[in-house]
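Student: My questions all concern the structure below.
Residue numbers (our numbering): 4 to 414.
Written out as structure tokens, the structure is:
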């Protein structure tokens, strides 16, 4: 029997695979949810089809694995020290490098970092490739070298067999990033590359909403009882999510006359000061609900229940991030037939092109002309088949089949 090891950022802390079952304890981050939903559906598919020649396990360097798949590219930090553990294994990886790169300077309070982030996102792909290489090599030379040296070692030793990209935009970005580094670029172009969209576990969503065992949060009834329209943001309290700017524009454009602003998320250890700033800015404001989900729910299903219920209560979902590599929240918004305002720095034009300026409204994260966009939105317009369409394109069962085919090919 061939064995496939799955690596997730929170493996053994929050993400578990045990006795052919997959568990998530608390984490709601997109990369963790993808690892959870896809792995869960792969295992179920194997059971349904009696595939007994393949075994899915949590990654462990002591296991005799044939294949290894990582849902996080940070794996290659300090790879020189432990690269020998991967000898003889076929490695596949999701290339979510955009988030990796941004985490190095956008989350800082430095004015220089904020300026660099803004400059970075204002230019085209060719400039991005040049700029990112320059910044990584000179501004974050030590940090970047930890990654690039390990990454190159894995490539040269033929450990990495393929990449999975969550959009064509992400694929183009990642490949262009290494154009100036011929060592990496030449090897990278020879590897297999797959574009597989992220998915939503729609069955899980429906099952969670049907459960009556969760607390009847007073928060939900309080928000439901407000007569104003509801503008919802969902995401971690991270500078890259552009929440501070959203709050300022909400106040400046006096959107509180028509909308309440609901901000649902959780603080991150690496930027707790940002959460403090958000709390101070929204303190005693009856039109802004800054909700730390950890104050209301402890475990995965409780958190998902609260998130989905708030999604159902909202009129418009807004994601004004400096960068969104995919956004599961965007998919959920469309699944709930909600109008979506999303950063133009995302693959929105690729994922749902026929919905642009009908259900999906792109916004410049550095120039949030929110009222201007809100005036374009017809809240009375709905698409009866939108839910089915989203469920069809981003179905976890079908997407998991593609991953399983890849695992079988390289194991």
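We treat Cβ as the ideally placed atom computed from N, Cα and C, and that holds for glycine.
Could you give the uninterrupted runs of the alpha helix (DSSP H) lying entirely in the region 248-308, keeping only those of 4 residues or more?
Tutor: List check, alpha helix (DSSP H) in window: 275-285.
Student: Do the CB positions of residue 59 and residue 96 come within less than 8 Å of each other?
Tutor: Residue numbering aside, residue 59 sits at position 56 when the chain shown is read from its first letter. Residue numbering aside, residue 96 sits at position 93 when the chain shown is read from its first letter. No, the pair does not count as a contact, with Cβ atoms beyond the cut-off.
Student: When you compare only the Cα positions, how much space is there between residue 66 and residue 410?
Tutor: Stepping through the chain shown from its first residue, residue 66 is reached at position 63. Stepping through the chain shown from its first residue, residue 410 is reached at position 407. If I take the Cα positions, the gap works out to 17 Å.
Student: So, helix, strand or coil for residue 93, using DSSP?
Tutor: Stepping through the chain shown from its first residue, residue 93 is reached at position 90. Residue state, collapsed to three classes: strand.
Student: Could you tell me the distance, in whole angstroms, from the CA atom of residue 397 to the CA atom of residue 322?
Tutor: One-based indexing of the chain shown puts residue 397 at position 394. One-based indexing of the chain shown puts residue 322 at position 319. Taking the straight line joining both Cα atoms gives about 19 Å.
Student: Could you tell me whether the Cβ atoms of residue 329 and residue 170 are closer together than 8 Å?
Tutor: Working through the chain shown from its first residue, we reach residue 329 at position 326. Working through the chain shown from its first residue, we reach residue 170 at position 167. Yes; because the gap between Cβ atoms is below 8 Å, this pair is in contact.
Student: Measuring only the C-alpha atoms, how far is residue 159 from residue 406?
Tutor: Counting from 1 along the chain shown, the entry for residue 159 is found at position 156. Counting from 1 along the chain shown, the entry for residue 406 is found at position 403. About 24 Å.
Student: Quick one, which of 259, 221 and 214 has its alpha-carbon nearest residue 234's?
Tutor: Position 231 of the chain shown, counting from 1, holds the residue named residue 234. Checked all of 259, 221 and 214; the closest Cα to residue 234 is 259.
Student: Should the region 381-397 be regarded as contacting the region 14-31, the criterion being three or more beta carbon pairs within less than 8 Å?
Tutor: Contact fails: fewer than three Cβ-Cβ distances are below 8 Å.
Student: DSSP three-state label for residue 44, please.
Tutor: For the purposes of this step, residue 44 is identified with residue 41 of the chain shown, where counting begins at 1. In the structure shown, residue 44 sits in a helix (DSSP, three-state: H, G or I).
Student: With DSSP collapsed to three states, give me the class of residue 229.
Tutor: Locating residue 229 in the chain shown gives position 226, where the first residue counts as 1. Residue 229 falls in the coil class under three-state DSSP.
Student: For the region 201-211 against the region 290-297, do three or more pairs of beta-carbon atoms, one drawn from each stretch, fall closer than 8 Å, so that the two count as touching?
Tutor: They do not touch, by the three-pair rule.
Student: Would you give the residue range spanned by the beta strand (DSSP E) that residue 60 belongs to?
Tutor: Numbered from 1 along the chain shown, position 57 holds the residue referred to as residue 60. From DSSP, the beta strand (DSSP E) with residue 60 extends over 57-61.
Student: Work out the CA separation of residue 16 and residue 282 for me, nearest whole Å.
Tutor: In the chain shown, residue 282 corresponds to position 279, counting from 1. In the chain shown, residue 16 corresponds to position 13, counting from 1. Whole-angstrom Cα-Cα distance: 28 Å.
Student: Closer than 6 Å by C-beta to residue 73: which residues in its own chain qualify, once you throw out the five before and the five after it? Chain order, please.
Tutor: For the purposes of this step, residue 73 is identified with residue 70 of the chain shown, where counting begins at 1. 10 and 96, listed in sequence order.
Student: Using 8 Å as the threshold, is the C-beta distance between residue 319 and residue 306 below it?
Tutor: Numbered from its first residue, the chain shown carries residue 319 at position 316. Numbered from its first residue, the chain shown carries residue 306 at position 303. Contact: no.
Student: With a CB to CB cut of under 6 Å and the five nearest residues on each side skipped, what residues in its chain are close to residue 112?
Tutor: For the purposes of this step, residue 112 is taken as residue 109 along the chain shown, with counting starting at 1. Model confidence at residue 112 stands at a pLDDT of 49, short of 50, so the residue's coordinates are unreliable and nothing is read from them.
Student: Please list the terminal residues of the continuous alpha helix (DSSP H) segment that includes residue 196.
Tutor: Taking the first residue of the chain shown as position 1, residue 196 is located at position 193. Element bounds for residue 196: not the alpha helix (DSSP H) but the beta strand (DSSP E), 195-198.
Student: Do you know offhand how far residue 360's Cα is from residue 380's?
Tutor: Here residue 360 refers to the residue found at position 357 when the chain shown is read from its first residue. Here residue 380 refers to the residue found at position 377 when the chain shown is read from its first residue. Going by the C-alpha atoms only, they are around 8 Å apart.
Student: Give the secondary structure of residue 153 by DSSP, where H, G and I count as helix, E and B as strand, and everything else as coil.
Tutor: Residue mapping note: residue 153 aligns to position 150 of the chain shown, counting from 1. Here residue 153 sits in helix by DSSP.
Student: Quick check on the DSSP output: the alpha helix (DSSP H) that includes residue 410 runs from which residue to which?
Tutor: Working through the chain shown from its first residue, we reach residue 410 at position 407. Its alpha helix (DSSP H) spans residues 399-413.
Student: Under the rule that 16 or more other beta-carbon atoms within 10 Å means buried, what is residue 4, buried or exposed?
Tutor: As a working mapping, residue 4 is identified with position 1 in the chain shown. Looking at its Cβ environment, which holds fewer than 16 other Cβ atoms inside 10 Å, residue 4 is exposed.
Student: Is residue 268 buried or exposed, if buried means 16 or more other CB atoms sit within 10 Å of its CB?
Tutor: Mapped onto the chain shown, residue 268 falls at position 265. The residue is buried, with at least 16 neighbouring Cβ atoms inside 10 Å.
Student: What is the rounded straight-line gap between the Cα of residue 220 and the Cα of residue 377?
Tutor: Sequence index remark: in the chain shown, residue 220 carries index 217 (1-based). Sequence index remark: in the chain shown, residue 377 carries index 374 (1-based). Their Cα atoms are separated by approximately 29 Å.
Student: With a cut-off of 8 Å on the beta carbons, I'd call residue 69 and residue 7 a contact; round off their distance for me.
Tutor: By one-based count along the chain shown, residue 69 stands at place 66. By one-based count along the chain shown, residue 7 stands at place 4. Rounded, the Cβ-Cβ distance is 7 Å, consistent with contact.
Student: Spatial neighbours of residue 43 within its chain, please: C-beta separation below 6 Å, excluding the five flanking residues on both sides.
Tutor: What you label residue 43 is simply residue 40 of the chain shown in a count that begins at 1. 25, listed in sequence order.
Student: Determine, using beta carbons only, whether residue 200 and residue 309 come nearer to each other than 8 Å.
Tutor: Numbered from its first residue, the chain shown carries residue 200 at position 197. Numbered from its first residue, the chain shown carries residue 309 at position 306. Going by C-beta atoms, residue 200 is not nearer than 8 Å to residue 309.
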